[in-house]
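Residue numbers (this note's numbering): 240 to 342. Even glycine gets a Cβ: it sits at the ideal position worked out from N, Cα and C. A short write-up of the structure that comes next.
In structure tokens form, the structure reads like this:
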């Protein structure tokens, strides 16, 4: 059956190309998800490690930054390191993954 003048061979080639692109995207996504990102704040007093899938892997806090009188500072350092890691992941996603809706 003809495809209304589009040529069956061209349609099949287009479908293969789309499937290859989808496979490449899945491979890139998996590789990015398994990549470890790290950040620190407060001169290394708080360190955060995350995976590219945005899961938190670890938080490290130096004992000398723990001050019961200033918990807010420690919270701010954790938030800062965490947000920096998320920013690294976002930049890596934009760099390694094409801008395709839904990806």
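{"Item": "With residue 333 as the anchor, note down where its beta strand (DSSP E) starts and where it stops.", "Value": "Residue 333 -> not in any beta strand (DSSP E); alpha helix (DSSP H) instead, spanning 310–335."}
{"Item": "Report the residue ranges of all alpha helix (DSSP H) runs contained in full by the region 253–293; include only those spanning at least 4 residues, in chain order.", "Value": "none"}
{"Item": "Leaving out five residues on either side along the sequence, give the residues of the same chain with a beta carbon under 8 Å from the beta carbon of residue 267.", "Value": "335 and 336"}
{"Item": "Within 10 angstroms of its Cβ, does residue 254 collect 16 or more other Cβ (buried), or is it exposed?", "Value": "exposed"}
{"Item": "According to the neighbour-count rule (16 or more other Cβ atoms, all chains shown, within 10 Å of its Cβ), is residue 326 buried or exposed?", "Value": "exposed"}
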